[in-house]
Every structure is written in C-alpha cells, then in structure tokens.
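Take the first sequence: its letters are residues 49 to 318, numbered as in this note's numbering.
Ideal placement from N, C-alpha and C gives every residue a C-beta, glycine not left out.
All remarks here apply to the structure that follows.
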Amino acid sequence: MPELPEVETTLRGIQPYLLDQRISRINVREPRLRWLVTPETVKAEGQLVKHLGRRGKYLLLGLDRGGLLIHLGMSGSLRVLEEFTPPGKHDHFDIELENHCCLRFNDPRRFGALLWSAGSIELHPLLRNLGPEPLSVEFTADYLFKRSRKRRLAIKNFIMDGHIVVGVGNIYASEALFMAGIHPSRQAGRISLQRYAGLVEAIRDVLERAIRQGGTTLRDFVGSNGAPGYFAQELLVYDRAGMGCFQCNTPIKKKVIGQRSSYYCPVCQR
DNA sequence: CGAGGGACCTGGTTGC
DNA sequence: TGCAACCAGGTCCCTC
C-alpha cells in the first residue's frame, strides 16, 4: 500500500494529534519488524514531539533529544486511537501520548520499521544517501540526465532507486513511464534530456494527483474503523494487463523487470 | 563502480 | 474442500 502519497497522507493525518504532545509510553508487542525494535526505544518516553516530517517513505518524529523513524514497509499502516481499543492481530506497537491519543502501527508482513535515533532524526544513516524528493526543486531533468549517463539498467529500476530519487514505488513508476511514453525496459543512459523533462513532469504530476486523492480516501485516521485503503486511483496501466490502452486501445502488457511486475503499452511507450 | 538477486514476512488468490 | 504455488504497494545488503 504505502507509496509516497500514502505516507504523505498518513503524515498529514497523524500530525495534529502528535505535534507538541508528550509521549507517555511506547508499547512494543512485536519487536521483530524489518529491524528488531531495540530496548533503547524507551528513551523516547517522556519526550515532546517537536516536529513531524517525511523523507521519501520514512516518517520522522523529532523529539527533544533524538527521534523516531517509522517505515510502513509493504503492508504497514498507522492510525490514531482516541480511546482505549484492544490491539488486534498485527498491531505491533503503540506510541501513547499524554493527551490519551495512541498512534497504533499495524503491519501483517512486518517489513515496516520503528527505529530510535539518539541524534537528530534527519541525520539517521538510512536517510544519508537518499536522492532528492520528487516534488522538490532539486528534482530536475538535468539531474536525472546526468545521473543516468553510462547507466545501462532499465529506466524503471533507475527511477525506483531511492539513491536517485525517493518515493517512486512500483505502481507510480509504471504510471509515470506510461505518461511520459517511455518503455520501462529502456536503458536509463539512452534517454535524452528532453524525454527526461517529460518524465520528471509525469512523476510530479502522478504523485501530486495521488496525494490529492489520498487526501480524500485516507482522510479518516481517527476512530475504530481505521485501516484506510486507497484504491480510488485512476490507474492508466498498473494492473491492467490485457486491457486496452487508454490512448490507442492496444492491450497493456505485463513484464517482470527487476523482479517487479511492470505494466506498459507496447505501442505508446518506446 | 554497477548490476543482479536474495533476504525479510503474512495473507489473499489461483489452480490442480 | 484441501492444499500447494504464486503473487503483493519496499529496500537493504551481499555477491559477482
């Protein structure tokens, strides 16, 4: 579920309940996530949440001293509970606040993460070598063009590499490449500056639209209903194998690239 | 250095 | 109906 738009929507949803609130307790029921949740995490208890942010698909909680980093992995989600609710299956940890709200993390596949950082959370080693945010001014055609020279890997793998640009997941990689008319298997180093300009625009556009959508379908982070889904997307190629291309009606193809399913129109994308 | 593949997990769907 | 195989929105890390 969580691609960048969903993480951004999660951030906006939980922010009002956490900002400037004090953490009373962190209750870890299942520490075996992507990385073991260490006992050090209790150091966050008693601290004020001074800042919330996002870097790629990582959620950042800046505290008085140190901070917490949360990743939703493939199947994670967060929601805010305003009153006591018994934990269900895969509810791996709670961040309880003095305002009696509780941020609850659910993740069936346990690819998510909760990491403590003694220093400033923005300086966490996992964030150090990440590429620019796709919605920032640093993400330009020039940048992609320069980074891609001599690179022979498929463009789809290139834009999904977080060291190149963060937050472009499997769904939106397919979507953006369709919008830009670029075949997902094309070598990154064999794409012109001009075509990269179209790709940058497509990535921005699809992510911005999805954030707007996420804002409507993921609005409710509070309450017992929880578990928001975001399926109201209008996807142009993703998961549409065999169905007609919206531009030329040719059947959409599915191909595994870099061990991930990729969808494209063999006519519109070159 | 770049490229490729395995690893970490559970659960839903598909096919025999 | 039962069960195995396969697939799923991420990304780190090891090997070649």
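Beta-carbon proximity of residue i to residue j, cut-off 8 Å
i, j, result
"Gly104", "Val214", "yes"
"Gly124", "Pro50", "yes"
"Arg199", "Ala236", "yes"
"Asp139", "Arg195", "no"
"Ile305", "Gly290", "no"
"Arg70", "Gly94", "yes"
"Leu108", "Ile169", "yes"
"Glu223", "Val185", "no"
"Arg234", "Ala189", "no"
Alpha-carbon to alpha-carbon, residue j and residue i
i, j, result
"Leu66", "Ala92", "13 Å"
"Leu163", "Gly114", "11 Å"
"Thr298", "Arg102", "39 Å"
"Tyr191", "Gly136", "45 Å"
"Lys303", "Tyr311", "6 Å"
"Gly277", "Thr57", "Low confidence applies to Gly277: its pLDDT is 47, below 50, so where it sits in the model is not reliable, and the reading given next is rough at best. For Gly277 and Thr57, the distance between alpha carbons rounds to 11 Å."
"Ala221", "Tyr286", "9 Å"
"Arg134", "His231", "According to the sequence shown, residue 134 is Pro rather than Arg. Roughly 48 Å separates the two Cα atoms."
"Cys150", "Ile118", "15 Å"
Residue i (DSSP reduced to helix, strand or coil)
i, result
"Gln307", "coil"
"Asp253", "helix"
"Gly101", "strand"
"Leu81", "coil"
"Asp155", "coil"
"Asp139", "strand"
"Glu93", "coil"
"Thr177", "Note that residue 177 is Asn in the sequence shown here, rather than Thr. Of the three classes helix, strand and coil, the one that applies to Asn177 here is coil, per DSSP."
"Tyr286", "coil"
"Val128", "strand"
"Gln69", "coil"
"Gln63", "helix"
Beta-bridge partners of residue i, as assigned by DSSP
i, result
"Lys302", "Tyr311"
"Asn75", "Asp142"
"Ala221", "Answer by DSSP bridge pairing: none, since Ala221 is not bridged."
At least three beta-carbon pairs within less than 8 Å, the segment 137 to 148 to the segment 178 to 193: no
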